[in-house]
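Counting from 8, one number per residue, gives the positions in the sequence shown under this note's numbering.
We treat Cβ as the ideally placed atom computed from N, Cα and C, and that holds for glycine.
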Amino acid sequence: MSKPLPIPPDGQNRVFSYNRHSSSRAPSTMAPESSRGSHGITIALMGATGTGKSTFANVASGYSDMPVASNLKSCTTKVEHTKPFYVDGVPVTLIDTPGFDDSVMADSDILKSIASYLAASFEKGFKLSGIIYLHRISDYKMGGISRRNFSMFRKLCGDQNLKNVLIVTNMWSEVSPAVGEARELELMTDDLLFKPAYDKGARFERHNNTVECAHSIIRRIIKNHPETLRIQQELVEEKKDIVDVEAFAVLDKDMEKIRTKHKEELQALQYQLDLALRNKDTETQDELRAVRTEMIDRLAAMNKKHEALSKEYREEKRRADAKIQELVVLLNDERQRATEAQRRFEELDADRRKENQQMLHTLRLMQDRMEQQAVQARMEREHQLELERRELMRLREENERMRYSRYPLSGGERWLYEVPGNDSDDTIAENLKSTTKRKKKGFMKKLFRY
């Protein structure tokens, strides 16, 4: 067992995950469409009274619909759900449940309430993507009742579904880092605490009561494949009564011991009564019959309690059906709003793309026009350069022709022959001008002479 990571300070968006069955690579934050179902992601919040289930629901959802107690007295007496909210674009609904070891409700009533809601939701097509079990790291120890309730929780889930369970510890600010880490390690490694669930795939997380941290925890569940809980299989698929499910057997363990003891005592009384009948011991017969009647009444009372619990479960189930129907309507409305928003977005996106295409077409036309103008300007420039080149060639030829020509220096008796040199074009042009002037001057002198 490696040493737990340091405790994140309050307000810091960090979540630590411990799972020996998964790789260290960060999980994808987007669940595949096949795993989300038509209702998005549904997550149940469970745990003892006062562990912050309602607070987590309010922080994560951004609503304040769940009443929160200022002490360990429970405010949640029935199963409630949050309005759908979004994490990474995925609709999420949190199911807030009454806490086990409640100050007002019996654990059997709490199990009945949770079981009826889970059965009703399963019949409507809801499957839990995960369960967040909250535990106060500030608790000095985990008592026998808490261990029994977590054992009941395991039976409710089924060991095969513990891989979708997050054991979230909170209230880290109330303990020192060393104490918190030591308690966390004990929870993970003690067979009487959470180690059996941890060995079956449950993961540990820490919550610092910020929305960022809550959403980071939810992201650990978004990727899960929704599973059918054991209690849903028993109540819906196997058609069991609430008193016959495995989770209830954990709560009814003590009562079952008493019931078994009464049955054994009743058998012993019956044997003694038969013996008294054979011996014709009337006084003993009367005493034994009175004791037997009392024990039968006790067993009948216990059975009536079970029958009453079964009846209450059916009534609770009807109320849960109505509540689930409200959730279905709420989710359908949310889905319609999301569909309408998507439609408007697609329309705006189509208009934007059309505008972009028109703008792109205009830009292409402008670019083509500019390219044509550039080509035309280049052709005109090349044409002008060609004209200038031809003119230069003509001037050069003219210069060469004039250099080899002769003209009289004075009186027409001497002639000068010019030899071509390596002059530049500018020099040639200048010489051409000078030669032209000299020729004109000589011609005028000759004209006036004659």
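Closer than 7 Å to a non-hydrogen atom of the ligand MG - does that hold for the CB of residue i?
i, result
"GLN167", "The ligand MG is absent from the structure shown, which contains no ligands of any kind."
Is residue i helix, strand or coil when you go by DSSP?
i, result
"HIS390", "helix"
"VAL252", "coil"
"GLU234", "strand"
"LYS264", "helix"
"TYR124", "helix"
"THR89", "coil"
"PHE211", "strand"
"ASN177", "strand"
"PHE133", "coil"
"LYS202", "helix"
"GLY69", "coil"
"ASP108", "coil"
"ASN216", "coil"
"ASP375", "helix"
"LYS162", "helix"
"LYS318", "helix"
"TYR278", "helix"
"ALA113", "coil"
"GLY187", "helix"
"MET149", "coil"
"ILE331", "helix"
"GLU407", "helix"
"ASP356", "helix"
"GLU395", "helix"
"GLN240", "helix"
"ILE303", "helix"
"VAL182", "coil"
"ILE229", "helix"
"THR58", "coil"
"ASP197", "coil"
Taking all protein chains shown into account, decide if residue i is buried (16 or more other Cβ within 10 angstroms of its Cβ) or exposed.
i, result
"LYS119", "buried"
"TYR424", "Legend: pLDDT at TYR424 = 43, less than 50; position of this residue unreliable, value from coordinates given subsequently. By the 10 Å Cβ count, TYR424 comes out exposed."
"ARG325", "exposed"
"LEU355", "exposed"
"ASP281", "exposed"
"ASP114", "buried"
"ILE331", "buried"
"GLU271", "exposed"
"ALA38", "For ALA38, the pLDDT reaches just 44, beneath the cut-off of 50, and the residue's location in the model is therefore unreliable, although a value from the coordinates is still provided. Buried."
"PHE352", "exposed"
"GLU263", "exposed"
"LYS148", "exposed"
"HIS390", "exposed"
"ILE139", "buried"
"LYS268", "exposed"
Please report the distance separating the alpha-carbon of residue i from that of residue j.
i, j, result
"GLU404", "ARG388", "24 Å"
"GLY69", "ILE50", "16 Å"
"LEU163", "THR89", "22 Å"
"GLN379", "GLU362", "25 Å"
"LYS207", "LEU194", "14 Å"
"ARG237", "GLY165", "5 Å"
"TYR278", "ALA315", "32 Å"
"SER317", "GLU212", "36 Å"
"LYS247", "ASP288", "46 Å"
"SER458", "LEU258", "Since the first residue of the chain shown is 8 and the last is 457, residue 458 is not available in this structure."
"VAL111", "GLY57", "13 Å"
"VAL335", "VAL86", "15 Å"
"ALA126", "PRO184", "41 Å"
"ARG371", "ALA384", "19 Å"
"GLN167", "THR235", "10 Å"
"ARG344", "GLY59", "31 Å"
"GLU341", "PRO91", "8 Å"
"GLU322", "GLY106", "21 Å"
"ASN339", "CYS220", "28 Å"
"ASN406", "LEU392", "20 Å"
"VAL298", "LYS260", "25 Å"
"MET373", "ALA357", "24 Å"
"GLN240", "LEU169", "15 Å"
"PRO203", "ILE174", "12 Å"
What residues match up with residue i in a beta bridge as DSSP calls it?
i, result
"LEU171", "Looking at the sequence provided, one finds Asn at residue 171 rather than Leu. DSSP output for ASN171 lists no bridge partner at all."
"LEU52", "ASP103 and ILE139"
"VAL6", "The structure shown does not extend to residue 6, since the chain spans only 8 to 457, so no value can be given for it."
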